[in-house]
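Peer 1: Please find one structure pasted underneath; my questions will follow.
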Amino acid sequence: MAVDHGLLAPAWAATGSADLVDDLAVLRAMVEVEVALARAQAELGVVPGSAVRAIEAAAGADTFDLPALAEGVRDTANPVVAFVGQFTAAVAEVDAEAAEYVHRGSTSQDILDTALMLVCRSVLERVGADLEDCAASLAGLARRHRDTPMVARTLTQHAVPTTFGLKAAGWLSGVLAAGERVDAARRSLPVSLGGAGGTLAAYEQYAVLHGVPGSTVALPGALARRLGLAEPTLPWHGMRAPLADVAAALSVVTGTLGKLAADVLVLGRTEVGEVAEPTEPGRGASSAMPQKRNPVFATLITTAARQLPPLAQVLFQSMSAEDERSAGGWHAEWQPLREALRSTAGASRNAALLLDGLRVFPERMAANLSATGGAVVSERLSAVLAGRIGKGPAKRLLTEATAADGPLAEAVAAHPALAGHELPAEEVAALLDPTGYPGIAAELVDRALAGYRSRTPPAGG
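UniProt numbering puts the sequence shown at residues 1 to 461.
Written out as C-alpha cells, the structure reads:
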C-alpha cells in the first residue's frame, strides 16, 4: 500500500503530525467510537454486557486490513461500511452472538463524524501544547528585549522607532489569541449521532425491543461522556458548523504563525540581519551555494499558512449541504480536513522550534535604526516644529531638509523657515535621536507580559 512520508510536504514531514491523522489514526478512532457506543448502549440496557466484552476483545485484536478497507471505499463512497464488515467478523470470532450488536442502530456518518472529532481533538491538543511553548518563548523574548530599540517598518519602509520587545509582544498576543480559539474548538467538538435520517429511529427501535423505550434520548450524552466529547443539542449530519469551527481555528493558527514567520523572513534577510533562525549542522544548506543558510522553519510555516485558506474554504463550503445528509459535500470534507490538521500541526511544531532558538542581534537593529540619519524620528521633530511655525510649514521644512545633502540636524537648524525661531542644531540632534522616541513601547510590553502571566493556560495545552 502506498505511503505518503511527506517527500513533497516538508511543512508537516518529520513533525509527527502525520501520525495523528493517517489511515491508522482514523481506523483507531472508528474502533474507539464503536466500542464506546456499545458501552453506552449497554449502560441504557440495549446491548448485553457479554456482547460489550466481545466487542472490546475484538477491538484489541490486529484484525483490520487497511488496503481492503481503502478498496471498499470505492464501492460504498465511505470507509465505514467495509470497516463495520471487518469489525463484525472479528467480533464473531470472539462470540458469534455478540456480532449482531456491532454498529447497532448506527449509520456510517455517525461513526465517521465522531471518529473525525476524536482525530481533531488529538491534533488540537498537540497544536495547543505547541502554542503554549511558542508563548513561553515569546514572553522570554519580550522580557529580555523590552527596551531593545529597532525600526518599525510600514509598507516596507522605515517608519518610527519601536523595540524588539514590542514586536515579540505582538507575536505573543497573536499566539495567545490563536490558542484560545484552539481551546474553544477543542472543547466544543461534538459526538455525531443521528441514525439514518437524523431521528435516531433505529436506536430507539432497538431500545423498544429491549424494553427500555425512550432511553435513546440519553444515548448521545452517554456516548459523549465516554469519548470526552461534547453532547450536541441535535444531530448535525447536515449542519456542518462543527467542522467549520475547526477550520476557522486552524486558519487563525496558521495565519498567526504565518505573520510571525513573514517577519522573521524579512528581519533575517542578509542586508537586514536583525534575527536568525537557530542553527544546526546541515539545516538551511543550499545545494548550489555553500555560503547560504536558508531560513527553514519560517519557510515551512509560511507554506502551511498559504495552503490553509483553500483547505478551510472546502470545509466552509460544505456547510451548504442539502437534505439531512449530503451527497458529495460530506465526502469532500475528509481529505481537506486531514491536510489542514496535518499542516497546522506541522506549522505549530516548527514555530515552537523556531522560537525556542531564535537569535536576536541588537547591534544590527541599532545600525538599521540609524541608517536614515534621524529621519526615522522626523514625526517627533515635526510635532515640535509645528508648535513654532505651524503644522504645514513644519512638514514642508522636514520634506526639504530630508532631501538635502548633509546631516539632517544641520539642514533643519539652518532652514530659512526657522529664521527668528531659535532652535540650535544640538537640540535638533537630540530630537532626532531614535532611542529617545520609543513612545510607550515599554509599557505595552509590560501590559502584554502581565496578561500572559495572569492567564490560565488551556487545559488541553
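Glycine is no exception: its CB is placed at the ideal position from the N, C-alpha and C atoms.
Along the chain, which unbroken stretches of the beta strand (DSSP E) at least 3 residues long are found entirely within the segment 320 to 399?
Peer 2: Entirely contained in the segment 320 to 399, not one beta strand (DSSP E) run reaches 3 residues.
Peer 1: Out of curiosity, what's the CA-to-CA distance linking Val-127 and Glu-422?
Peer 2: About 60 Å.
Peer 1: Quick test of your reading: Ser-251 and Leu-308, contact by CB under 8 Å. State the CB separation rounded to the nearest angstrom.
Peer 2: Ser-251 to Leu-308, Cβ: 5 Å. Contact.
Peer 1: Could you tell me the alpha carbon to alpha carbon distance between Ala-202 and Arg-338, rounded to whole angstroms?
Peer 2: Each residue's Cα considered, the two are about 30 Å apart.
Peer 1: Have a look at Gly-221 and Ala-152 and give me their C-alpha separation to the nearest angstrom.
Peer 2: Approximately 53 Å, taken between the alpha carbons.
Peer 1: Label Ser-320 either buried or exposed according to how many other C-beta atoms from any shown protein chain fall within 10 Å of its C-beta, with 16 as the threshold for buried.
Peer 2: Exposed, since its Cβ has fewer than 16 Cβ neighbours within 10 Å.
Peer 1: Secondary structure at Met-150, three-state DSSP: helix, strand or coil?
Peer 2: If DSSP states are grouped into helix, strand and coil, Met-150 belongs with the strands.
Peer 1: Across the segment 104 to 116 and the segment 77 to 94, are there enough close Cβ pairs to call them in contact, namely three or more that are closer than 8 Å?
Peer 2: Result yes; three or more Cβ-Cβ pairs closer than 8 Å.
Peer 1: Would you grab the beta carbon distance between Glu-277 and Gly-268 for me? Rounded to a whole angstrom, and I think it's under 8 Å.
Peer 2: Right, the Cβ-Cβ distance comes to about 7 Å (below 8 Å), so this counts as a contact.
Peer 1: Whole alpha helix (DSSP H) runs in the segment 164 to 227 with 4 or more residues, listed along the chain?
Peer 2: Qualifying alpha helix (DSSP H) stretches, in chain order: 164 to 187, 201 to 209, 219 to 227.
Peer 1: For the alpha helix (DSSP H) containing Tyr-101, name the first residue and the last one.
Peer 2: Unbroken run through Tyr-101: none, as it is neither H nor E.
Peer 1: So, Ser-192 versus Thr-76, is the Cβ gap smaller than 8 Å?
Peer 2: Not in contact: Ser-192 and Thr-76 (Cβ atoms no closer than 8 Å).
Peer 1: Give me the Cβ distance between Leu-227 and Leu-369, rounded to the nearest whole Å; I'm assuming they're in contact under 8 Å.
Peer 2: With 8 Å as the limit, Leu-227 and Leu-369 do not qualify as a contact, their Cβ atoms being about 55 Å apart.
Peer 1: Enumerate in chain order the residues of its own chain whose CB-to-CB distance from Phe-316 is below 7 Å, with the five nearest sequence positions on each side excluded.
Peer 2: Correct list, in chain order: Ala-244, Ala-247.
Peer 1: Ordered along the chain, which non-local residues of its own chain (more than five positions away) have a Cβ less than 6 Å from that of Ser-287?
Peer 2: Legend: pLDDT at Ser-287 = 48, less than 50; position of this residue unreliable, value from coordinates given subsequently. The answer is none, since no qualifying residue turns up.
Peer 1: So, are the CB atoms of residue 525 and Val-123 less than 8 Å apart?
Peer 2: Since the first residue shown for the chain is 1 and the last is 461, residue 525 is missing from the structure and cannot be characterised.
Peer 1: DSSP on Arg-28, reduced to helix/strand/coil?
Peer 2: If DSSP states are grouped into helix, strand and coil, Arg-28 belongs with the helices.
Peer 1: Considering only the beta carbon of each residue, do Leu-138 and Leu-172 sit closer than 8 Å?
Peer 2: Yes, the pair counts as a contact, with Cβ atoms nearer than the cut-off.
Peer 1: Since Tyr-452 is in the alpha helix (DSSP H), which residue starts that stretch and which ends it?
Peer 2: Note, Tyr-452: alpha helix (DSSP H), 441 to 454.
Peer 1: For the putative contact between Val-39 and Val-52, defined by C-beta atoms under 8 Å, what is the C-beta separation to the nearest angstrom?
Peer 2: Sequence check: residue 39 is Arg here, not Val. Going by Cβ atoms, the distance from Arg-39 to Val-52 rounds to 6 Å, so yes, they are a contact pair.
Peer 1: Is it the case that the segment 39 to 48 contacts the segment 380 to 390, given that we only count it when at least three CB pairs across the two stretches are under 8 Å?
Peer 2: The segment 380 to 390, when compared against the segment 39 to 48, does not touch it at the 8 Å Cβ threshold.
Peer 1: Should Asp-147 and Gly-170 be called a contact, given that it needs their Cβ atoms to be closer than 8 Å?
Peer 2: No, the Cβ-Cβ distance between Asp-147 and Gly-170 is not below 8 Å.
Peer 1: So the candidates are Val-428, Met-239, Thr-402; which of them puts its Cα closest to the Cα of Ala-413?
Peer 2: That would be Val-428, whose Cα lies nearest to the Cα of Ala-413.
Peer 1: Taking DSSP's pairing of strands, which residues face Gln-157 in a bridge?
Peer 2: According to DSSP, Gln-157 bridges with Thr-154.
Peer 1: Would you mind stating whether Thr-233 and Ala-305 have Cβ atoms separated by less than 8 Å?
Peer 2: Taking 8 Å as the Cβ cut-off, Thr-233 and Ala-305 do not qualify as a contacting pair.
Peer 1: What separation, rounded to the nearest whole angstrom, lies between the Cα atoms of Ala-401 and Leu-418?
Peer 2: So the two alpha carbons sit approximately 12 Å from each other.
Peer 1: Quick one: what's Val-275 bridged to in DSSP?
Peer 2: Beta-bridge pairing links Val-275 to Val-360.
Peer 1: So if DSSP puts Arg-126 in a beta bridge, which residue, or which two residues, is it bridged to?
Peer 2: None, per the DSSP bridge assignment.
Peer 1: According to DSSP, is Pro-458 helix, strand or coil?
Peer 2: Coil, per DSSP.
Peer 1: Taking contact to mean at least 3 C-beta pairs separated by less than 8 Å, is the segment 372 to 379 in contact with the segment 425 to 444?
Peer 2: Yes, they touch.
Peer 1: Once you ignore the five residues that flank Thr-216 on each side, which residues in its own chain have a CB closer than 7 Å to its CB?
Peer 2: Cβ neighbours of Thr-216 beyond the five flanking positions: Leu-200, Tyr-203, Glu-204, Ala-207.
Peer 1: Check whether the segment 9 to 16 touches the segment 342 to 355, counting contact only when three or more Cβ pairs, one atom from each stretch, lie closer than 8 Å.
Peer 2: Yes, they touch.
Peer 1: Are the segment 55 to 67 and the segment 83 to 91 touching, with three or more C-beta to C-beta distances below 8 Å?
Peer 2: Yes: at least three Cβ pairs fall under 8 Å.
Peer 1: Rounding to the nearest angstrom, what Cα-Cα distance links Pro-393 and His-415 in this structure?
Peer 2: Between Pro-393 and His-415, the C-alpha separation is close to 11 Å.
Peer 1: Within the same chain, show all residues whose beta-carbon is closer than 6 Å to that of Leu-311, passing over the 5 residues directly before and after it, in chain order.
Peer 2: Within the same chain, Leu-311 has close Cβ partners Pro-336, Glu-339, Ala-340.
Peer 1: In the structure shown, what three-state DSSP assignment does Ser-287 receive?
Peer 2: Interpretation of Ser-287 is limited by its pLDDT of 48, a score under 50 that renders its predicted location unreliable; the figure taken from the coordinates is listed afterwards. In this structure, Ser-287 counts as coil in the three-state DSSP scheme.
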